[in-house]
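So that you can map any letter, position 59 of the sequence shown is 58 in numbering that gives the first Met the number 0, and since no number is skipped, the others follow by simple counting. Every residue gets a Cβ at the ideal spot worked out from N, C-alpha and C, and that includes glycine. To keep things clear, I will list the structure first and then write my remarks on it.
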Amino acid sequence: MPKRKIIPYNPKLKELARQLRNNSTKAEIILWQKLKRKQMHGYDFHRQKPIDNYILDFFCHELMLGLEVDGYSHQIIEIQLKDSIKERAMFQFGITVLRFSDRQVLKDMENVLRVIEDYIHTKETQP
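Spelled out as structure tokens, the structure:
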């Protein structure tokens, strides 16, 4: 059995992550309904997971997969720059980040799930 990769954790973000879980957006709640309790092909996802100095909306350690659901504010250039920095940091830890807009989750959940499933299939079939 391969060793589980250790990912840095910032305990100072624990309370903020809890607050974010308790104040989830509608899109996050709807996507969580599809991910929780290992419903996504048996993989265990966590909500608002602190990693290093960031918090991922959803994270699966086994897949090294982060999911981000971006609201309207993510159209602002400064937020996009922060998102880019966050993605680069996750990449350094070996984490792939898939981004979806609130609109995609709310209006096209079928394709959102298909993208996640395609990632899982690719990951499972890699040597």
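On the DSSP letters alone, give me the boundaries of the beta strand (DSSP E) that I54 sits inside. Y53 to C59
Leaving out five residues before and five after P7 in sequence, what residues of the same chain have Cβ atoms less than 8 Å from its Cβ? Beyond the five residues adjoining it in sequence on each side, P7 comes within less than 8 Å, by CB distance, of I50, D51 and F92 in the same chain, given in chain order.
Who pairs with L66 in a beta bridge, going by DSSP? F57 and L97
State the start and end residues of the unbroken beta strand (DSSP E) segment that holds R46. H45 to I50
So, for E27: in the same chain, excluding its five sequence neighbours on each side, which residues have a beta-carbon less than 7 Å away from its beta-carbon? D56 and V68
With three or more C-beta pairs closer than 8 Å as the rule, is the segment 74-87 touching the segment 5-23? When Cβ pairs closer than 8 Å are counted between the two stretches, the segment 5-23 is seen not to touch the segment 74-87, the count staying below three.
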